[in-house]
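Have a look at the structure below before the remarks.
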RNA sequence: GCCCCGUUCGUCUAGUGGUUAGGACAUCAGGUUUUCAACCUGAAGACGGGAGUUCAAUUCUCCCACGGGGUACCA
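Residue numbers (our numbering): 7 to 461.
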């Protein structure tokens, strides 16, 4: 049983803005967010930009933007470069209490001597309990008197982390498993500062297909890239949650609410997980199919124009209407959808298609005269359906009996081709209901004309 | 090198001292179908190796191998 925190938990996601938010970071953020939400605590974003050279403002902005897009915005945000005075105070205190000392030594790169702050290592064994891995013990002797600050004002990573976690009242540190080896020295600093020890939970890393830690080398590894490829946040969140965590049941598709409800640290995996785009594709389809009109319009706007001059009846609303059936068929991402539209793949939804006679006759498998008869009959049947009731169900109902009687393929194939002009397309009922009744009759009649022309 | 963590189908994972080792994605085959999908059914596919503990180890212990992480005046 997971212990319910007896105080309001405060957790943080602490990336360094030296690159765009990638899936590994996003998942760490997600686990922190879920944990905070579940226990009604606070989720804090802390930008660790003490490396002035590699940290970039644009990356900090990307982290913010992607967290918002994913639907896991922080409750509070801090930036280390703005907290110099706080660090200075603590460094002074450590120096004063002889827990650290100034050391003049040759500059690491370049010439001359430089004065750094070294931690006075008590050289002892440190044990800590990890919520996911159990007890872990390190001998810190080999760490030596490690450097904790460049000078009296500029702390290095480990010091800044400890000071901030203390100052921000962090109760649980949920971070990537590459932080395990860093934990003992942070605990050493904590003890010197007389700061309480938070609870640790090291989650496994997300790996690339080469089993190495995911890095910028993998193009699909940034959230920004996934977004650009047409994955929606619901799918990305769902997939990331399942990478390293499982609900203990066989459920695979989750909404954010369900994740918050079911998430727990106990079911977090110990070993690294390879990022597999195939399963993301599957989840993207699943979530794409259950989008509300409002959500759908929002996402589609990023990939498709509001209107297409060559297709007067094109609209995003109409795209959203037919999206589920397209996603079910051959499109996994919005980028693929956009490309298919640009390639004219779905133009028949918005404009009369170019129809070929041999296609109408199923490449010669159907009899021409017979097909003419069937299409004429279908025309009569369709005409009888009131315009207002021209739905997928009613069209199917109306045609079904006749089609079954004479052979479904003989009626439905030419009908479908007359409407789409394509060898492969959604079924004629869906096509008919998507188009106006009038347009349907026009297309069928055009098909008939084509068949009768040279007969 | 040293330290730490890990190891169940191709991938994500469930699970137990005695199970036909379960599910999902992907793959393949049938069925269904007006087409392609979808859908349904089925198939194939895993406990890294070696000792030990035990009546019995995938499960517990140790060793090894392999993988990963850390070892900065990076974070």
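Beta carbons: idealized from backbone N, C-alpha and C, even for Gly.
**Prompt:** So is residue 181 buried or exposed if we call it buried at 16+ other beta carbons inside 10 Å?
**Reply:** The residue you call residue 181 lines up with position 175 of the first chain. So residue 181 ends up on the buried side.
message = Along the chain, where does the alpha helix (DSSP H) containing residue 41 start, and where does it finish?
response = What you label residue 41 is simply residue 35 of the first chain in a count that begins at 1. Its alpha helix (DSSP H) spans residues 29 to 44.
Report the three-state DSSP secondary structure of residue 178 (helix, strand or coil).
Residue 178 sits at position 172 when you count from the first residue of the first chain. In the structure shown, residue 178 sits in a strand (DSSP, three-state: E or B).
### Query
Nearest-angstrom Cα distance between residue 382 and residue 242?
Taking the first chain and counting its residues from 1, the one referred to as residue 382 is at position 376. Taking the first chain and counting its residues from 1, the one referred to as residue 242 is at position 236. When rounded, the distance between both Cα atoms is 49 Å.
Item checked: Strand pairing of residue 212, partner residues [DSSP] -> Taking the first residue of the first chain as position 1, residue 212 is located at position 206. According to DSSP, which records beta bridges pairwise, residue 212 is partnered with 279.
Looking only at its own chain, which residues have a Cβ that is under 7 Å from the Cβ of residue 294, when we skip the five neighbours before and after it? Numbered from its first residue, the first chain carries residue 294 at position 288. Taken in chain order, the residues that qualify are 238, 329 and 333.
Going by C-alpha to C-alpha distance, which of 425, 380, 423 and 393 sits closest to residue 405? In the first chain, residue 405 corresponds to position 399, counting from 1. Per the Cα distances, 380.
Quickly, what does DSSP pair residue 77 with across the bridge? List them, please. Walking along the first chain from the start, residue 77 turns up at place 71. According to DSSP, residue 77 bridges with nothing at all.
Through-space distance from residue 348 to residue 313, alpha-carbon basis: As a first step, residue 313 is located in the first chain; it is residue number 307 there, counting from the start. As a first step, residue 348 is located in the first chain; it is residue number 342 there, counting from the start. C-alpha separation (whole angstroms): 12 Å.
Nearest neighbour of residue 103, chosen from 197, 76, 58 and 138 [CA to CA]: Indexing the first chain from 1 puts residue 103 at position 97. The option with the nearest alpha carbon to residue 103 is 197.
Query raised in the report: How big is the Cα-Cα spacing for residue 39 and residue 172?
Result: As a working note, residue 39 is residue 33 in the first chain. As a working note, residue 172 is residue 166 in the first chain. Those two C-alpha atoms are separated by around 19 Å.
Exercise for review: Determine, using beta-carbon pairs with one atom in the region 302 to 311 and one in the region 185 to 205, whether at least three such pairs fall under 8 Å.
Suggested key: no
Would you mind working out which of 177, 132 and 167 sits nearest residue 147, comparing C-alpha positions?
-> As a working mapping, residue 147 is identified with position 141 in the first chain. For residue 147, the nearest C-alpha among the options comes from 132.
Quick test of your reading: residue 82 and residue 50, contact by CB under 8 Å. State the CB separation rounded to the nearest angstrom. Within the first chain, numbered from 1, the residue matching residue 82 stands at position 76. Within the first chain, numbered from 1, the residue matching residue 50 stands at position 44. Between residue 50 and residue 82 the Cβ distance is about 5 Å, and since that is below 8 Å, they are a contact.
- Task: Give the straight-line distance between the Cα atoms of residue 7 and residue 271, rounded to the nearest whole angstrom.
- Result: Counted from its first residue, the first chain places residue 7 at position 1. Counted from its first residue, the first chain places residue 271 at position 265. With a pLDDT of 38 at residue 7, under the threshold of 50, the modelled position of that residue is not reliable, and no figure is offered here.
Three-state secondary structure (DSSP) of residue 333:
Taking the first residue of the first chain as 1, we reach residue 333 at position 327. If DSSP states are grouped into helix, strand and coil, residue 333 belongs with the helices.
Fill in: Residues near residue 229 by beta carbon distance below 6 Å, same chain, minus five either side
On the first chain, residue 229 is found 223 positions in, with the first residue counted as 1. Here the set comprises 27, 32 and 72.
Checklist entry - Closest to residue 219 by CA distance: which of 188, 169, 30 and 451 is it? => result The residue labelled residue 219 in the question sits at position 213 within the first chain. Considering only alpha carbons, the answer is 30.
Checklist entry - residue 84 bridges to which residues according to DSSP? => result Reading the first chain from its first residue, position 78 is the one you call residue 84. Beta-bridge pairing links residue 84 to 52.
> Thinking just about the alpha-carbon of each residue, which of 403, 363 and 369 is nearest to the one in residue 456?
Replying inline: For the purposes of this step, residue 456 is taken as residue 450 along the first chain, with counting starting at 1. Residue 363 is the option with its Cα nearest to residue 456.
Touch test, the region 115 to 125 against the region 278 to 291, Cβ-Cβ under 8 Å, three pairs minimum: no
Who are the Cβ neighbours of residue 518 in its own chain at under 7 Å, not counting the five residues just before and after it? Here the chain covers residues 7 to 461 and nothing more, so residue 518 does not appear.
### Message
At the level of alpha carbons, what is the spacing between residue 108 and residue 127?
### Response
Counting from 1 along the first chain, the entry for residue 108 is found at position 102. Counting from 1 along the first chain, the entry for residue 127 is found at position 121. Straight-line Cα distance between these residues: approximately 14 Å.
What span of residues does the alpha helix (DSSP H) with residue 420 cover, start to end?
In the first chain, counting from the first residue as 1, residue 420 sits at position 414. That run of the alpha helix (DSSP H) goes 414 to 426.
Whether or not the region 433 to 442 and the region 393 to 402 are in contact is what I'm after, with contact meaning three or more pairs of Cβ atoms, one per stretch, closer than 8 Å; do they touch? yes
Label residue 129 either buried or exposed according to how many other C-beta atoms from any shown protein chain fall within 10 Å of its C-beta, with 16 as the threshold for buried.
Residue numbering aside, residue 129 sits at position 123 when the first chain is read from its first letter. By the neighbour-count rule (16 or more Cβ atoms within 10 Å), residue 129 is not buried but exposed.
Exercise for the section: Could you have a look at residue 408 and say whether DSSP puts it in helix, strand or coil? Expected result: Sequence index remark: in the first chain, residue 408 carries index 402 (1-based). DSSP places residue 408 in helix when its eight states are reduced to three.
Which partner residues does residue 228 have in the DSSP bridge list?
-> Your numbering for residue 228 matches position 222 in the first chain. DSSP, once it has assigned bridges, lists 28 as partnering residue 228.
**OP:** Would you be able to state if there are at least three C-beta pairs under 8 Å between the region 310 to 326 and the region 259 to 271?
**Re:** no
- So what does DSSP say about residue 112, is it helix, strand or coil? As a first step, residue 112 must be located in the first chain, where it is residue number 106. Strand at residue 112.
Run of the beta strand (DSSP E) containing residue 339, from where it starts to where it stops: Taking the first residue of the first chain as position 1, residue 339 is located at position 333. From DSSP, residue 339 is part of no beta strand (DSSP E); its letter is neither H nor E.
Neighbour-count burial assignment, residue 430, 16 or more Cβ in a 10 Å radius
Taking the first residue of the first chain as position 1, residue 430 is located at position 424. Its Cβ having fewer than 16 others within 10 Å, residue 430 is exposed.
Item to complete: May I ask which residues mark the beginning and end of the beta strand (DSSP E) holding residue 145?
Response: For the purposes of this step, residue 145 is taken as residue 139 along the first chain, with counting starting at 1. Residues 140 to 145.
Using CA coordinates, which residue listed in 351, 418 and 251 is at the minimum distance from residue 376?
Here the question's residue 376 lines up with position 370 in the first chain. Measuring from the Cα of residue 376, the nearest candidate turns out to be 418.
| request: Apply the 10 Å Cβ neighbour rule to residue 178 and answer buried if 16 or more other Cβ atoms are within range, or exposed otherwise. | output: For the purposes of this step, residue 178 is taken as residue 172 along the first chain, with counting starting at 1. When all chains shown are included, residue 178 counts as buried.
Buried or exposed: residue 9, going by 16 or more other Cβ atoms within 10 Å of its Cβ? The residue given as residue 9 occupies position 3 in the first chain. Note that residue 9 scores 48 on pLDDT, short of 50, meaning its location in the model is unreliable; the coordinates nonetheless yield the value given after this. Result: exposed.
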